[in-house]
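Heads up: the structure comes next, in structure tokens.
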Amino acid sequence: MLNKYDLIIVGAGPAGSIAARYAAAKGISVLVLEKDRDVGYPVRCGEAVSKRSLELFMEPDSKWIASEINKFSFGAPNGSEVVLEFSETGYVLERRIFDYALAKTASEKGAHFVMRAYVNGLLFDGDKVSGVKYLHNGIQKEINSKLVIAADGVESRVGRWAGLKTSVDFREMESCYQVTASNIQLDPDTCYFYFGKETAPEGYLWVFPKGKNTANIGIGVSGLSSKQKAAKVYLEEFLAKKFPDASILTAVAGGVPCSLTLDKISAPGIMLTGDAARQVNPLSGGGISSGMIGGSLAGDIAADAILNNNLDSISKYAGVWHDRLGKKHETYNRLKDGIYNFDDNKFNDIAKAFLKVPPEKRTLGKLFTTALINKPSLLIDVAKVFF
Amino acid sequence: MIEILKDKCDFCGCCVGVCPEDAIELKEAEIKIIDEKCTNCSKCVWICPVEALKFNKAGVVK
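Chains as they are written, first to last, in my numbering: chain A, 1 to 387; chain B, 388 to 449.
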């Protein structure tokens, strides 16, 4: 370990590790501080990702792929189910192994990782962030760097200490709970989604297979719904009804910020990425691929700023992110708003209408078109992201 | 004041993400509310997926 680093990254999830890999690959010194004792654990994630977006960053490896997905199933409140072929391939990962493999690629490029390093403050040089304070094995330490990248997940406290407003409106936070259940019957190449007021108000419930007879079964409900009844209670009710004989092998809580990306994702000396920057797809709640894209941009821009001795140039990060994915998230967010207040009858009607579409013509775009047929302005958004 | 039921808490950070005052400190398996910063707004109570936070009226200091 060095006395000081060019770049310090807080958090070793996918966004932090990819930022570390991209920055280290350009030859700068990189330190990654992770508060937990293991990379990749606990797994607070549904673990689904598309093959296409994953391949931008990792060569698929059977060691961390639990299932290959080529179908979606949407369950309406009245029990009707619509199945459609996914036009591309999806994976359900073993994040526990995947995150570890990802961190390894960063360390192979020269990034240095330290576990159980709890960052609890920032160092400043005037107004500019110049390093971090952290607690490691009971000892309070300080270390300087030219830049800091905060990839500290849903909590996103590091950015706050630099004056950025990172807290998420509780109505835009999805309160989540997930179990990994075995001894259940399901199609191992299908991701299942369930909707409705009783099942998952202002959110959805997912069943993502992990090999044969096993799946991540999870739920996300909005803060407003969670105020009435906790996510864990919704999930337990679903399990009792649908999979009464399931064995529960893991159980985790979590929060997914389903909002737009923060307006400001950098300040002098610091950049935010991944969940910490609220770089999550607000419609699906998916954060693996968008976090890796955000991380790659942050790592690249940070390294260039350091190599060119122009630290102010990190201010372009928000614009680069917006062009790459942030703009698309704005469209997803409008679609989310469009479907969030659907009542159960509406979901049932969509399923009924969509079941009339011949199976070979069923696509995600067609499904959203069916759902939003009475909202012409949103049909343009559907076209933008699905066609 | 807000009380954390530590036996229920999963240390997931959902409450920290919605806290407008940065009043919750979370380590790997340790959590505490910084009473001087907390305004008892209760957003953390509402968002918790596992009902690990509770608003305790008796403890509110005016």
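Note that beta-carbon positions come from the ideal geometry of N, C-alpha and C, so glycine has one too.
Against chain A, the beta carbon of K414/B has neighbours under 7 angstroms at K35 and Y118, listed in chain order. Here F208/A is bridged, per DSSP, to N216/A. Inter-residue distance for C176/A and V256/A is about 7 angstroms (C-alpha atoms, whole angstroms). Around the beta carbon of T426/B, a 10 Å sphere encloses fewer than 16 other beta carbons of the protein chains shown; the residue is thus reported as exposed. In summary, the residues of the region 197-230 of chain A whose CB is separated from some CB of chain B by less than 7 angstroms are G223, S226, K227 and A230, in the order they occur in the chain.
Boundaries cannot be given for H322/A, as no alpha helix (DSSP H) includes it and DSSP labels it neither H nor E. Residue-level contact by beta carbon holds for K430/B and chain A, with a gap shorter than 8 angstroms. DSSP, reduced to helix, strand and coil, places I143/A within a strand of the structure shown. Going by DSSP, S130/A is part of the beta strand (DSSP E) stretching over K128 to H136.
Going by DSSP, L413/B is part of the beta strand (DSSP E) stretching over I411 to L413. With 16 or more other Cβ atoms inside 10 Å of its own Cβ, Q178/A counts as buried. Close to Y317/A, with beta-carbon spacing below 9 angstroms, lies no residue of chain B; the smallest spacing is near 21 angstroms. DSSP, reduced to helix, strand and coil, places V168/A outside both helices and strands of the structure shown, so it counts as coil. P358/A carries a coil assignment under DSSP once its states are collapsed to helix, strand and coil. In this structure, P268/A keeps its C-beta atom at 8 angstroms or more from the C-beta atom of Y332/A.
Going by DSSP, L2/A is part of no alpha helix (DSSP H) at all; its letter is neither H nor E.
Between the C-alpha atoms of K4/A and G319/A there is a straight-line separation of about 29 angstroms.
Restricting attention to P77/A, G211/A, V32/A and G40/A, the CA atom closest to the CA of A66/A is found in G211/A.
According to the DSSP assignment, A371/A belongs to the alpha helix (DSSP H) that extends over L364 to A371.
For I434/B, at least one C-beta of chain A is nearer than 8 angstroms to its own C-beta. Nearest CB-CB separation between C425/B and chain A: not below the 8 angstroms threshold. S156/A places its beta carbon 8 angstroms or farther from that of L249/A. Looking at the DSSP output, Q178/A sits in a beta bridge with G218/A and V252/A. Taking the Cα of S167/A as reference, the smallest distance to any Cα among A276/A, I18/A, V129/A and F208/A is reached at A276/A. Using a Cβ distance threshold of 8 angstroms, N348/A and S73/A do not count as a contacting pair. Within the model, the alpha-carbon separation for V129/A versus C435/B is close to 32 angstroms. If you draw a 10 Å sphere on the C-beta of F387/A, you find fewer than 16 other C-beta atoms in it, and that means exposed.
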